[in-house]
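S.K.: Its first residue numbered 581, the sequence shown is counted upward by one per residue in my numbering.
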Amino acid sequence: MRLLVTGGAGFIGSNFVHYVVAHTDHHVTVLDKLTYAGNADSLKGLPEDRVELVVGDIANPALVDSLIAEADAVVHYAAESHNDNSLDDPRPFLDTNVVGTFTLLEAARRHNVRFHHVSTDEVYGDLELDDPQRFTELTPYNPSSPYSSTKAASDLLVRAWVRSFGVKATISNCSNNYGPFQHIEKFIPRQITNVLRGIRPKLYGTGENVRDWIHADDHSSAVLTILEKGVIGETYLIGADGEENNKNVVETILELMGQPRDAYDHVADRAGHDLRYAIDSTRLRTELGWQPQYRDFRSGLEATIAWYRENEAWWAADKDRVEAFYASKGQ
Ligand code: NAD
Ligand code: DAU
């Protein structure tokens, strides 16, 4: 297959491209704008006859049309992805996540190309800490932030293009990913690189907020499974039963990096901060036979810490800018 992978120079998209090269014979064309979050170095070392990078915008209709005309399937990761940035400046989230997805859907419709839309569990809002229910494919949409509302909007566009125009699309909504190549604005790599720089980790609010962690490779295997076996028009939730509260994650990072477990600061909370996410991925497991491979969050975290330690050249240039942005908000 010839896959067009949007956002393939970002965190999860680049992990997906590495995974596809290692586990399939597919050819990959990456379409990526290389925003602050994209990094061509994340694709370094991949065989040139298997992976091609096209630098451009998913909201550019002519470019998107020409690339989709050549593809057998589109896997759509490109997005503005960070909640804190969406609180600061929502506009790019509308442009990329909504108009960009619309532009891709119109081209997929014209060329009758298979389309997989990568989305987030944040479209469902949040749960109480003691709620026995987890998110399922039937949970009503209730997004909290400018970021998650634009992802919810993009999911609804995909559903409408399936029903109205017969676009051959599937959707997945995944929980929080961790692993190599994640931008250092995000929680886990921010704290790891803080410790490496001698800066105390920063925990928003009380740190009781819960995220449901999954390794990026498990997300990739799930997306490939849905691409191969998913039913057109359907949504699949992706999760690996990895609930942890933020306080415990920071303390574990400190411990694994040889620091006292309490050597962190509480900082200003995020506006509208979602309390808890938790995924029930029964459907994906029972109907499509998918299983996560990474069962031990602590050892996954240890490997991720080792990756940031060994790849300082990949992240160092952006560290001062990211910390200055957070400092300006008291975070
Ligand atoms: P990321 O911010 O690391 O990467 C996004 C990529 O998209 C970057 O390479 C960027 O250059 C590119 N991009 C942005 N705007 C573009 C545009 N207009 N045209 C072309 N390329 C553009 O994001 P991520 O964390 O890898 O997330 C990827 C996708 O997965 C997103 O759709 C996100 O909503 C979804 N998702 C993320 C998580 C998570 O935990 N990070 C969980 C579930 C779903
Ligand atoms: O659930 C899936 C979502 O996970 C994706 O859709 C998003 O693209 C992705 O960014 C992620 O969103 P979160 O907002 O959950 O991730 P983030 O890494 O920004 O924060 C994780 C938790 O850690 C959250 O509760 C906020 C908190 N946090 C974050 C930062 C950056 C801190 O306590 N300190 C920090 O410095």
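Where a beta carbon is used, it is the ideal one built from N, C-alpha and C, also for glycine.
Tell me the rounded alpha-carbon separation between Asn-789 and Phe-591.
M.R.: For this step, residue 789 is matched to residue 209 along the sequence shown. For this step, residue 591 is matched to residue 11 along the sequence shown. C-alpha separation (whole angstroms): 23 Å.
S.K.: Of all the options Thr-773, Ile-859, Pro-760 and Asp-735, which has the alpha carbon lying nearest to the alpha carbon of Arg-791?
M.R.: Against the sequence shown, residue 791 aligns to sequence position 211. The shortest C-alpha separation from Arg-791 is found at Ile-859.
S.K.: In chain order, which continuous runs of the beta strand (DSSP E) of length 3 or greater are located wholly inside the stretch 608–660?
M.R.: Every beta strand (DSSP E) of 3 residues or more that sits fully in the stretch 608–660 is shown, in chain order, as 631–635 and 653–656.
S.K.: Taking the beta strand (DSSP E) that Thr-586 falls in, what are its first and last residues?
M.R.: The count along the sequence shown starts at 1 and reaches residue 586 at position 6. Counting along the chain, the beta strand (DSSP E) containing Thr-586 begins and ends at 582–586.
S.K.: Check whether the Cβ of Lys-766 lies closer than 6 Å to any heavy atom of ligand 2, and answer yes or no.
M.R.: The residue given as residue 766 occupies position 186 in the sequence shown. Yes.
S.K.: Give a single yes or no on whether Ser-755 has its beta carbon closer than 6 Å to a heavy atom of ligand 2.
M.R.: The residue labelled residue 755 in the question sits at position 175 within the sequence shown. With a cutoff of 6 Å, Ser-755 counts as near ligand 2, since its C-beta is closer than that to a heavy atom of the ligand.
S.K.: Does the beta-carbon distance from Val-703 to Ala-733 come in below 7 Å?
M.R.: The residue given as residue 703 occupies position 123 in the sequence shown. The residue given as residue 733 occupies position 153 in the sequence shown. No; because the gap between Cβ atoms is not below 7 Å, this pair is not in contact.
S.K.: Taking the C-alpha atoms as reference points, what is the distance between Glu-824 and Pro-723?
M.R.: Taking the sequence shown and counting its residues from 1, the one referred to as residue 824 is at position 244. Taking the sequence shown and counting its residues from 1, the one referred to as residue 723 is at position 143. When rounded, the distance between both Cα atoms is 21 Å.
S.K.: Suppose you measure from the CA of Thr-750 to the CA of Glu-686; what does that come to, to the nearest Å?
M.R.: Counting from one through the sequence shown, the residue named residue 750 turns up at place 170. Counting from one through the sequence shown, the residue named residue 686 turns up at place 106. The alpha-carbon of Thr-750 is positioned some 15 Å away from that of Glu-686.
S.K.: Ligand 2 heavy atoms versus the CB of Ser-661: any closer than 6 Å?
M.R.: Sequence index remark: in the sequence shown, residue 661 carries index 81 (1-based). Yes.
S.K.: Tell me which same chain residues have a C-beta within less than 7 Å of the C-beta of Arg-889, skipping the five on either side of it?
M.R.: Sequence index remark: in the sequence shown, residue 889 carries index 309 (1-based). These residues qualify, in order along the chain: Leu-776.
S.K.: Near Phe-682, what residues of its chain come up, given a Cβ to Cβ distance below 7 Å and the 5 sequence neighbours on each side ignored?
M.R.: In the sequence shown, residue 682 corresponds to position 102, counting from 1. Around Phe-682: Leu-737.
S.K.: Relative to the C-alpha of Ala-843, which candidate in Val-830, Leu-855, Ala-851 and Gly-852 has its C-alpha closest?
M.R.: Here residue 843 is taken as the residue at index 263 of the sequence shown, counted from 1. Of the listed residues, the one whose Cα sits closest to Ala-843 is Val-830.
S.K.: At a cut-off of 6 Å, would you count Leu-707 as near ligand 1, judging by its Cβ distance to the nearest heavy atom?
M.R.: Counting from 1 along the sequence shown, the entry for residue 707 is found at position 127. The answer is no for Leu-707.
S.K.: How many angstroms separate the CA atom of His-656 from the CA atom of Pro-726?
M.R.: Start at 1 with the first residue of the sequence shown, and residue 656 comes out as number 76. Start at 1 with the first residue of the sequence shown, and residue 726 comes out as number 146. Computed Cα separation, rounded: 19 Å.
S.K.: Please work out which residues of its chain come closer than 7 Å, Cβ to Cβ, to Gln-771, disregarding the five sequence neighbours upstream and downstream, and give them in chain order.
M.R.: On the sequence shown, residue 771 is found 191 positions in, with the first residue counted as 1. Excluding positions up to five away in sequence, the list reads Pro-781, Val-830 and Ile-833.
S.K.: Kindly indicate which residue of Thr-615, Arg-865 and Gly-705 has the alpha-carbon position closest to the one of Lys-809.
M.R.: The residue labelled residue 809 in the question sits at position 229 within the sequence shown. When each option's Cα is compared against that of Lys-809, the closest is Arg-865.
S.K.: Looking at the unbroken alpha helix (DSSP H) that takes in Glu-835, where does it start and where does it end?
M.R.: As a working note, residue 835 is residue 255 in the sequence shown. The continuous alpha helix (DSSP H) containing Glu-835 extends over residues 826–836.
S.K.: Quick one: what's got a C-beta closer than 7 Å to Asp-814's C-beta in the same chain, skipping five residues either side?
M.R.: As a first step, residue 814 must be located in the sequence shown, where it is residue number 234. Position check: residue 814 holds Glu in this sequence, whereas Asp was assumed. Result list for Glu-814: Thr-750, in chain order.
S.K.: Nearest-angstrom Cα distance between Ala-848 and Gly-910?
M.R.: Start at 1 with the first residue of the sequence shown, and residue 848 comes out as number 268. Start at 1 with the first residue of the sequence shown, and residue 910 comes out as number 330. C-alpha separation (whole angstroms): 6 Å.
S.K.: Between Tyr-721 and the rest of its own chain, which residues show a CB-CB distance below 6 Å, the 5 nearest in sequence each way excluded?
M.R.: Translated into positions along the sequence shown, residue 721 becomes position 141. For Tyr-721, where only same-chain residues beyond five positions count, the Cβ hits under 6 Å are Val-703 and Ala-732.
S.K.: Return helix, strand or coil for His-914, following the three-state DSSP convention.
M.R.: With the chain covering 581 to 911 only, the question about residue 914 has no answer from this structure.
S.K.: What do you reckon, are the CB atoms on Leu-584 and Ala-651 nearer than 7 Å?
M.R.: Within the sequence shown, numbered from 1, the residue matching residue 584 stands at position 4. Within the sequence shown, numbered from 1, the residue matching residue 651 stands at position 71. Cβ atoms of Leu-584 and Ala-651: closer than 7 Å.
S.K.: Is Ala-733 close to ligand 1? I mean its beta-carbon at under 6 Å from any heavy atom of the ligand.
M.R.: On the sequence shown, position 153 is the one that residue 733 refers to. Flag unset: Cβ of Ala-733 not near ligand 1.
S.K.: Looking only at C-alpha atoms, which of Gly-588, Ile-648, Ala-649 and Asp-675 sits nearest to Ser-622?
M.R.: Locating residue 622 in the sequence shown gives position 42, where the first residue counts as 1. Of the candidates Gly-588, Ile-648, Ala-649 and Asp-675, the one whose C-alpha sits nearest the C-alpha of Ser-622 is Gly-588.
S.K.: Would you kindly work out how many angstroms separate the C-alpha atoms of Val-679 and Thr-700, rounded to a whole number?
M.R.: Indexing the sequence shown from 1 puts residue 679 at position 99. Indexing the sequence shown from 1 puts residue 700 at position 120. Their Cα atoms are separated by approximately 18 Å.
S.K.: DSSP three-state label for Lys-899, please.
M.R.: Here residue 899 refers to the residue found at position 319 when the sequence shown is read from its first residue. The answer is helix: DSSP assigns Lys-899 an H, G or I state.
S.K.: Tell me whether Tyr-616 is buried or exposed, calling it buried when 16 or more other Cβ atoms sit within 10 Å of its Cβ.
M.R.: In the sequence shown, the residue the question calls residue 616 occupies position 36. Tyr-616 is exposed by the Cβ-count criterion.
S.K.: Is Tyr-857 near ligand 2, judged by its Cβ being under 6 Å from some heavy atom?
M.R.: The residue you call residue 857 lines up with position 277 of the sequence shown. Flag set: Cβ of Tyr-857 near ligand 2.
S.K.: Under 7 Å, do Val-755 and Ile-779 count as touching if we go by C-beta distance?
M.R.: Here the question's residue 755 lines up with position 175 in the sequence shown. Here the question's residue 779 lines up with position 199 in the sequence shown. A small correction: the amino acid at residue 755 is Ser; Val does not occupy that position in the sequence shown. No, they are not a contact pair.
S.K.: Under 6 Å Cβ to Cβ from Phe-673, same chain only, skipping five residues before and after it: list those, please.
M.R.: Against the sequence shown, residue 673 aligns to sequence position 93. Correct list, in chain order: Glu-660, Ser-666, Pro-726, Tyr-727 and Thr-730.
S.K.: With 16 other CB atoms within 10 Å as the buried threshold, where does Leu-707 fall?
M.R.: Locating residue 707 in the sequence shown gives position 127, where the first residue counts as 1. Per the 10 Å Cβ criterion, buried.
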